[in-house]
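Numbers given in my numbering equal positions in the sequence shown, counted from 1, plus 461. All residues carry an ideal CB built from backbone N, CA and C; glycine is no exception. As the structure is a computational prediction, the values presented were derived from the model and not from experiment. Heads up, the thing below is written out as structure tokens.
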Amino acid sequence: MLLYRSAAWFAKGLREYTKSGYESASKDFVPDDLEVQVPGRSFLVTGGNSGIGKATAIEIAKRGGTVHLVCRDQNRAEGARGEIIRESGNRNIFLHIVDLSDPKAIWEFVENFKQEHTLHVLINNAGCMVNKRELTEDGLEKNFATNTLGVYVLTTALIPVLEKEHDSRVITVSSGGMLVQKLNTNDLQSERTAFNGTMVYAQNKRQQVVLTEHWARAHPAIHFSCMHPGWADTPGVRLSMPGFHASMGDRLRSAAQGADTVLWLALAPAATAQPSGLFFQDRKPVPTHLPLARTSSSPAEEEKLIEILEEMAQRFK
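Here's what the structure looks like:
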């Protein structure tokens, strides 16, 4: 079944996830959707120092938004902040150094953040694909700690802040790779099977889709969405998937093309006309399962994931 899923997904990707797929889809975009200005609105972008995160931050800054960059590396983050200010002319760019694989650090960051700042839009963009099993100082598998638990803790902690504002939104940058994975709550730390970083990452991205659907039901005052940016030429892809990056070459999307749907979900009034909790690709909601792929999960399985994450999050609070 995994072989079928992978083959079907790759064929779909060659049609839809490449640069040509974006160019084809963009013919149906409404240009005015992103002709907006957002002074007075505050946006938090994780992993905003490179790739899709930085492209997103630049475009929000150009439209007058206040941007909070949450990054791990101080030097790279300061360089990105300077670049965003130069390109946008907007100096309301704030920098926060947080390791998103460390749940205690995330809780502490939010406690400090909410004392000084408001927030209208959270963009969970930062991701991790470690190809050999690696543990954090807390004994957590690093991909899971960053992509799933970190996203859960940050979003959960910021929901009370977001609920205070009008037109608040949460966008999570997931991946079409999750289509090859069925939710598995029995091995969240990747301890029981041979480790495959790409498949662990895809499982984490499936978990993000489940979380988005859960949050949408639980918090109707906020508009939640997740999305697939397509196959984009970013530093993360070059580092984590060098073979794939080399083989795809100029068929990969630019970081700006990968960021387009993030921006649309974060800025466009048309985005919130869509129901909360959906998965998007090129500004359209798309199915979260491949045909005949048997990746659907039961409500009980999904609730188990939420319960495990909530217990872990509270343990590190």
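Going by C-alpha positions, PRO564 is about 25 Å away from ALA682.
By the Cβ criterion, the region 574–586 is not in contact with the region 652–666, since fewer than three pairs of Cβ atoms, one from each stretch, lie closer than 8 Å.
Note: ILE558 is bridge-paired with CYS532 in the DSSP secondary-structure output. In the three-state reduction of the DSSP assignment, ASN608 falls in the helix class, which pools H, G and I.
Secondary structure within the region 558–644: the alpha helix (DSSP H) runs of 4 or more consecutive residues, fully enclosed, are 564–577 and 611–623 (chain order). Here HIS627 is exposed, its C-beta having fewer than 16 other C-beta atoms within 10 Å. Taking a C-beta distance under 7 Å as the contact criterion, LYS643 and THR722 do not qualify as a contact pair.
In the three-state reduction of the DSSP assignment, ALA693 falls in the strand class, which pools E and B. With a threshold of 16 other beta carbon atoms within 10 Å, PRO730 falls short and is exposed. Within the model, the alpha-carbon separation for GLU569 versus HIS706 is close to 36 Å.
Looking at the backbone, the Cα of GLY704 and that of ASP648 are separated by about 27 Å.
In the three-state reduction of the DSSP assignment, MET709 falls in the helix class, which pools H, G and I. Here PRO746 carries a strand assignment [DSSP, helix/strand/coil]. In the same chain as GLU762, and ignoring 5 residues on each side of it, the C-beta atoms closer than 8 Å to its own belong to LEU644 and THR646, in chain order. For the pair ILE769 and GLY550, the Cα-to-Cα distance works out to about 44 Å.
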